[in-house]
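To keep things clear, I will list the structure first and then write my remarks on it.
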Amino acid sequence: MSRARRTIRWGAAIAALALSATVANTVASAASADASATPLALTSQQLAGQRVIYSYPGLTPPQSLFNDIRAGRVAGVIFFGENISSTTQIAGVVQQLRDASAQSPVQQPLLLMTDQEGGQVRRLPGAPVLSEKQVGLSSNPPLEATNAGTGAGQNLRSAKMNVNLAPVLDVYRTAGDLMDQYGRSYSQDSATVGVLGRNFIRAQQATGVAATAKHYPGLGAASSTQNTDTRAVTLNVSLSDLRTKDEPPYYAAIDAGVKLVMVSWAVYPALDSSRPAGLSRTIVQTELRHNTGFQGVTITDALEAGALQAYGSTGNRSVLAAGAGMDLILASARDVSQGEAAVNALAAAYDNGTLNQAEFTASVNRITALRSTLP
């Protein structure tokens, strides 16, 4: 079937979505009723721990991670390929982490996450096999996006995980650019990305696994060498392009009830020329929270990213991100001490007033509300 015929076949759905600006009420709205109430009777270290995702090297988590979990200083764990030899193996590890969490003063499920986008970016064997690009080029993209979401959710559930850092909602610009070269973008068309991302999100979350829309406000304009994992990146995208091309898929995702949004580490001068998006209060609080109405959980990209080289230590980066309004801090260097450093810095900033305590508690409440909905 020709590309033109495929467009005709489901173009009506895209057009309908493009007109929709309805913002869904997310699970976090329940937490906003009393954002200033301190969750449980937690110490500042434990409160800080509710905002940090840890990682570890190899197939076996170190004892220090179990100790931190039992002490209530861990919100969750991210898993990479080096942590996984098979679904059975990682499911056993995840159960051990869950058992440790059952001994914690925080009686909510850990956030147990991975990147299972499809195609080349899969940490678990199996679904979704198709990349986002392959989904977009298929004979029935909406159906394939739904199938991918269902497959991802079922796969993570089989590994006892409950959060997927997918789908990517970046609208790529040219063949072979950063998002296209690995097949991580559905399309060059914003409305198409919105439709397919929405279908993936709804299908995956129907399995009980939370979805994460990324990388807000969009990395689609990044060239093949503009990788925030390795270096600082400035995307000179006009405000018009950001608002009409890069951001609309997030409105679709929010309308679909997406539970998390990951914010990128690129700098967007049209919004804030002074800091990367995930460290920018203007982008997190105004552009994302206020303008889209998103009430769910925000999560940083990798805290150790090369894009943050100018921002000092793990602790400093964590405090800057939290001050910008990021809820979860992703300490993904495969080093438990990185997560511990983030917790220590956040706790100190909470105690000494560097971070607003009401805002800090509101973040913890949003995260707790999310965790309460997950298996």
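For reference, each letter of the sequence shown is one residue, going -30 to -1, 1 to 345 in mature numbering (1 follows the signal peptide of the UniProt record, and there is no 0).
Ideal placement from N, C-alpha and C gives every residue a C-beta, glycine not left out.
Helix, strand or coil for GLN65 per DSSP?
DSSP places GLN65 in the helix class (H, G or I) of the three-state scheme.
Apart from the five residues on each side of it in sequence, which residues of its chain come closer than 7 Å, Cβ to Cβ, to SER342?
Correct list, in chain order: GLN78.
Straight-line Cα distance separating LYS103 from GLY146
Rounded to the nearest angstrom, the two C-alpha atoms are 12 Å apart.
Identify, in the order they occur along the chain, each residue of the same chain with its Cβ nearer than 6 Å to the Cβ of SER288, setting aside the five sequence neighbours on each side.
A distance below 6 Å between beta-carbons, with the five flanking residues on each side excluded, links SER288 to the following residues of its chain, in chain order: ILE299, ALA312, ALA315, LEU316.
Got a sec? Which residues, its chain only, sit under 6 Å from THR120 by beta carbon, not counting five neighbours each side?
Shown here for THR120: same chain residues with a beta carbon closer than 6 Å to its own, the five before and five after excluded, namely ALA173 in chain order.
Got a sec? Which residues, its chain only, sit under 7 Å from ASP85 by beta carbon, not counting five neighbours each side?
So the list reads VAL91, ARG93, LEU135, ALA136, once near-sequence residues are dropped.
For HIS260, is the classification buried or exposed, using 16 other Cβ atoms within 10 angstroms of its Cβ as the cut-off for buried?
With fewer than 16 Cβ atoms within 10 Å of its Cβ, HIS260 is classed as exposed.
ALA97, enclosing alpha helix (DSSP H) - first and last residue:
First-last for ALA97: undefined, no H or E at that position.
Using 8 Å as the threshold, is the C-beta distance between TYR186 and SER108 below it?
If you check the CB distance, TYR186 and SER108 do not come in under 8 Å.
For my contact list, GLY276 and ALA222 are in at a C-beta cut-off of 8 Å; report their separation, rounded to the angstrom.
About 30 Å separates the beta carbon of GLY276 from that of ALA222, a gap too long to meet the 8 Å contact definition.
Return the residue from the list SER25, LEU148, PRO239, VAL22 that minimises the CA-CA distance to ASP199.
Of the candidates SER25, LEU148, PRO239, VAL22, the one whose C-alpha sits nearest the C-alpha of ASP199 is LEU148.
Cβ-based burial, GLN73 [other Cβ within 10 Å; buried from 16]:
Classification for GLN73: exposed.
Given a cut-off of 8 Å on the beta-carbon distance, is the pair GLY19 and ARG40 in contact?
Between GLY19 and ARG40, the gap from beta carbon to beta carbon reaches 8 Å or more.
Considering Cα atoms alone, identify which of MET296, VAL99, ALA272, LYS215 is closest to ALA115.
Each of MET296, VAL99, ALA272, LYS215 was checked against the Cα of ALA115, and the nearest Cα belongs to VAL99.
Start and end residues, alpha helix (DSSP H) containing LEU35:
Under the DSSP assignment, LEU35 falls in the alpha helix (DSSP H) whose first and last residues are 33 to 40.
Residue range of the unbroken alpha helix (DSSP H) whose run includes LYS103
Residues 102 to 107.
To the nearest angstrom, how far is the alpha carbon of MET131 from that of ASN125?
Each residue's Cα considered, the two are about 9 Å apart.
Can you look up ALA292 in the DSSP assignment and give me helix, strand or coil?
ALA292 carries a helical assignment under DSSP once its states are collapsed to helix, strand and coil.
Excluding five sequence neighbours on each side, which residues of the same chain lie with their C-beta closer than 6 Å to the C-beta of ALA202?
Answer for ALA202: ALA277, listed in chain order.
What is the residue span of the beta strand (DSSP E) that SER47 lies within?
The question names Ser, but residue 47 in the sequence shown is Val. From DSSP, the beta strand (DSSP E) with VAL47 extends over 46 to 49.
Would you decide whether ASN(-6) is buried or exposed? Buried here means 16 or more other CB atoms lie within 10 Å of its CB.
Only weak support is given to the placement of ASN(-6): the predicted model assigns it a pLDDT of 39, under 50, and the value that follows is read from those uncertain coordinates. Of the other Cβ atoms in all chains shown, fewer than 16 fall within 10 Å of the Cβ of ASN(-6); this residue is therefore exposed.
From SER208 to ALA318, what does the alpha carbon distance come to, in whole angstroms?
In this structure, the straight-line span from the alpha carbon of SER208 to that of ALA318 is close to 38 Å.
Am I right that VAL138 and GLU87 are in contact with their C-beta atoms under 8 Å? What's the rounded C-beta distance?
In this structure, VAL138 and GLU87 form a Cβ contact; the two beta carbons are roughly 6 Å apart against a cut-off of 8 Å.
Could you give the DSSP three-state label for ASP86: helix, strand or coil?
With the sequence shown as reference, residue 86 is identified as Gln, and Asp is not the correct amino acid for it. Three-state result, GLN86: strand.
How many Å lie between THR182 and GLY263 at the Cα?
Note on geometry: alpha-carbon atoms of THR182 and GLY263 lie some 16 Å from one another.
Please return the same chain residues whose Cβ sits closer than 6 Å to the Cβ of ARG(-22), not counting the five positions on each side in sequence.
Legend: pLDDT at ARG(-22) = 41, less than 50; position of this residue unreliable, value from coordinates given subsequently. For ARG(-22), where only same-chain residues beyond five positions count, there are no Cβ hits under 6 Å.
Whole runs of the beta strand (DSSP E) within the segment 184 to 270, excluding any shorter than 3 residues:
DSSP runs (the beta strand (DSSP E)) wholly in the segment 184 to 270: 230 to 233, 267 to 270.
I'd like to check one pair, LEU273 with GLU257: are the Cβ atoms closer than 8 Å?
Contact: no.
Sort VAL133, GLN158, ARG154, GLY190 by Cα distance to THR177 and report the nearest one.
Considering only alpha carbons, the answer is VAL133.
Out of ALA70, SER160, SER25, point me to the one whose CA is closest to ILE54's CA.
When each option's Cα is compared against that of ILE54, the closest is SER25.
VAL22 - containing beta strand (DSSP E), residue span:
It spans 22 to 24 - the beta strand (DSSP E) in which VAL22 sits, taken as one unbroken run.
Taking VAL163 as part of the alpha helix (DSSP H), name the residues at either end of that continuous run.
From DSSP, the alpha helix (DSSP H) with VAL163 extends over 160 to 175.
In whole angstroms, what separates the C-alpha of GLY248 from that of ALA129?
Their backbone Cα atoms lie some 30 Å apart in a straight line.
State yes or no: is the C-beta of SER101 within less than 8 Å of the C-beta of GLY153?
With contacts defined as CB atoms closer than 8 Å, SER101 and GLY153 qualify as a contacting pair.
Could you tell me how far apart the beta carbons of GLY190 and ASP225 are, in whole angstroms, since I believe they sit closer than 8 Å?
Your pair GLY190 and ASP225 does not check out as a contact, with CB atoms roughly 20 Å apart and the cut at 8 Å.
Considering only their Cβ atoms, is the gap separating LYS229 from ALA292 smaller than 8 Å?
Going by C-beta atoms, ALA292 is not nearer than 8 Å to LYS229.
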